[in-house]
Amino acid sequence: MQQELEALAKNDTWEVVDLPTGKKPIGSKWVYKVKLKADGSVDRYKARLIAKGYNQVEGVDYIDRFSPVAKAVTVRLFLAVASAYSWPIHQVTTIKKYLDSEFTIKDLGPAKYFLGLEIARSTTGTSVTQHKYTQDIIIDAGLKSSKPALTPLPLGLKLSSTTSPVLSDPEPYHRLVGRLLYLSFTRPDISYGTQQLSQFVHRPCQLHMDAALHLVHYLRGCPDKGLFFPTSNSFELIAFCDADWSSFVDSRRSLTGYCIFLGGALILWKTKKQPTVARSTVEAEYRSLGATVCELEWISFLLKDFAATIPTPIPLYCDNQVAVHIVANPVFHERTKHLEINCHLVRDKFKEGFVLPSHIFGTQQLADVFTKLLPAPAFASALSKLGLVVFPQVQLEGGMLKDAHPPTTVAAAATE
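Be aware that the sequence shown starts at 1, since it is given in UniProt numbering, and climbs by one per residue.
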């Protein structure tokens with residue numbers, strides 16, 4: 001606590017002023033946390049003095065809200081680029097007084113444990129897992145000795161808001177779903193499941209809780225899965241997109257799912273409910289195409305900051321032939337006029353040579369795992385092509401991976 005007070009004073013965190021008329025001061029409180037290492041042992045004890053911002057009233061005490069937090073894809077993209085270039089990755093803390101002042105930087109050494117992410121390097125690449133975080137979820141759910149499940153959710157499960165009695169205490173459900181959402185940082189295999197569960201945090205029922213616990217049973221069988229970013233000079237982007245038409249029982253909205261690879265490594269994936277009801281499978285698929293193109297454009301801008309050369313056009317695979325045909329068809333039909341914004345977006349990027357939408361058979365569609373439940377064999381096959389691999393903890397030694405084997409390349413999977 002004394003170190004925190006000294007640091008606040010040293011960095012001119014506050015200024016003593018007279019309280020303006022009609023204004024109420026904001027109180028403060030101490031928050032304590034035990035910082036842990038990747039193996040679960042205590043690293044240090046942290047005390048932080050914070051302002052009670054939750055006592056402020058929006059529109060009265062403040063208007064705008066902003067938190068400068070990096071997106072998950074930005075962290076994954078950085079790790080992929082650093083691995084490709086074989087850059088050393090160090091974790092640092094920075095302290096500054098003002099935006100125009102010099103930084104005080106403390107080097108914490110090679111990055112090994114960052115925000116719950118366990119990072120290990122080898123000559124072939126970088127692995128990122130959340131093994132400890134996964135184990136904590138399993139233990140907190142009381143399922144440490146439970147029977148593992150083969151899929152994140154039971155096959156054929158359809159959740160709705162009126163399926164069973166409402167939970168008397170929704171807090172355990174809120175906590176579990178929140179932790180699962182954070183775990184999806186390195187676990188694309190639970191993206192669909194967490195999206196389905198997060199719809200009902202406002203009014204969870206017993207069936208929703210049972211489904212959430214089923215997902216924990218699935219994690220029980222594979223707590224060591226994670227992402228692998230190979231050492232490679234390739235910055236080729238490849239994308240897959242899919243949609244599940246009218247899949248939501250309560251609203252009949254469709255589900256968008258897509259995934260993007262950089263040099264064979266999965267860096268971005270998304271499972272998201274579409275904002276409005278789609279009137280056909282083509283409309284749902286085309287919206288998914290539009291969303292994927294937007295993500296590809298954003299990633300390409302970010303990669304330019306790393307001085308990376310991106311081969312174009314970027315392959316964009318979709319399993320709906322009509323949607324792919326619309327991209328190259330310059331004539332709008334009456335039934336597709338309401339798709340003009342997405343049509344023009346995708347078509348413009350196609351004409352610029354930025355993307356090349358192509359048809360792919362459903363059996364080769366890697367984005368399927370983000371839009372629907374798959375049988376266990378098909379699910380396992382898709383995960384191997386996504387590059388999700390198992391990193392036993394015995395391989396981790398001082399932040400280095402003793403023996404890492406790169407997964408099947410996505411380029412090979414797309415052309416099988």
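We put the beta carbon where it would ideally sit given N, CA and C, even for glycine.
Taking the C-beta atoms as reference points, F185 is found no nearer than 8 Å to A323.
Beta-bridge annotation (DSSP): F228 is paired with S127. Shown here, D368 sits in a helix according to DSSP, grouped into three states. For F306, there is no enclosing alpha helix (DSSP H), as DSSP marks it with neither H nor E. Here K23 carries a coil assignment [DSSP, helix/strand/coil].
Here R253 carries a coil assignment [DSSP, helix/strand/coil].
Around the beta-carbon of Y54, fewer than 16 other beta-carbon atoms lie within 10 Å, marking it exposed. Residue burial annotation: S254 is buried, with at least 16 other C-beta atoms found within 10 angstroms of its C-beta. Of the residues assessed, Q321 falls on the exposed side of the cut-off, its CB having fewer than 16 other CB atoms within 10 angstroms. Looking at the DSSP output, S28 bridges to A51.
Check the Cα spacing between Q130 and each of L183, S164, L316 and L167: the tightest is with L183.
In this structure, L5 keeps its C-beta atom at 8 Å or more from the C-beta atom of L155.
Inclusion of V369 and Y192 in the CB contact set at 8 Å is warranted, their separation being smaller than that value. Rounded to the nearest angstrom, the gap between the Cα atoms of A212 and A149 is 12 Å. A direct Cα-to-Cα measurement between L266 and L19 gives close to 53 Å. Of the candidates T281, A284, V346 and A47, the residue whose Cα lies closest to the Cα of P313 is V346. In the structure shown, the three-state DSSP call for E58 is strand.
The beta carbons of F228 and V390 sit no closer together than 8 Å. If you draw a 10 Å sphere on the C-beta of V128, you find 16 or more other C-beta atoms in it, and that means buried. Non-local beta-carbon contacts of S146 in its own chain, meaning distances under 7 Å to residues more than five positions away in sequence, involve H217 and R220 in chain order. Looking only at I326, A284 and P315, the smallest Cα-Cα distance to F261 is reached by P315. A buried status is given to Q196, since no fewer than 16 other beta-carbon atoms sit within 10 Å of its beta-carbon. Annotation for L215: the continuous alpha helix (DSSP H) segment containing it runs Q206 to G221. Residue range V355 to H359 is occupied by the beta strand (DSSP E) that includes V355. Contact between the segment 110-120 and the segment 291-309 is absent: fewer than 3 CB-CB pairs across the two stretches fall below 8 Å. Listed in chain order, the non-local C-beta contacts of H208 below 7 Å within the same chain comprise L159, Y173, L197 and F200, local neighbours out to five positions each way being set aside.
It is roughly 16 Å from the alpha-carbon of G226 to the alpha-carbon of T151. Between P357 and L296, the gap from beta carbon to beta carbon reaches 8 Å or more. Counting the other CB atoms within 10 Å of its CB gives Y286 a total of 16 or more, which places it among the buried residues. Across the set V355, C222, D319 and E236, the C-alpha of E236 shows the shortest separation from the C-alpha of L77. In summary, V355 is buried, with 16 or more beta-carbon neighbours lying within 10 Å of its beta-carbon over all protein chains present.
Going by DSSP, A82 is part of the alpha helix (DSSP H) stretching over A72 to Y85.
Contact between T371 and T271 holds, with the beta-carbon distance rounding to 7 Å and staying under 8 Å. According to the DSSP secondary-structure assignment, C294 is paired through a beta bridge with no residue. In this model, V34 and Y113 are separated by some 14 Å (Cα to Cα).
For T363, the secondary structure class from DSSP, reduced to helix, strand or coil, is helix.
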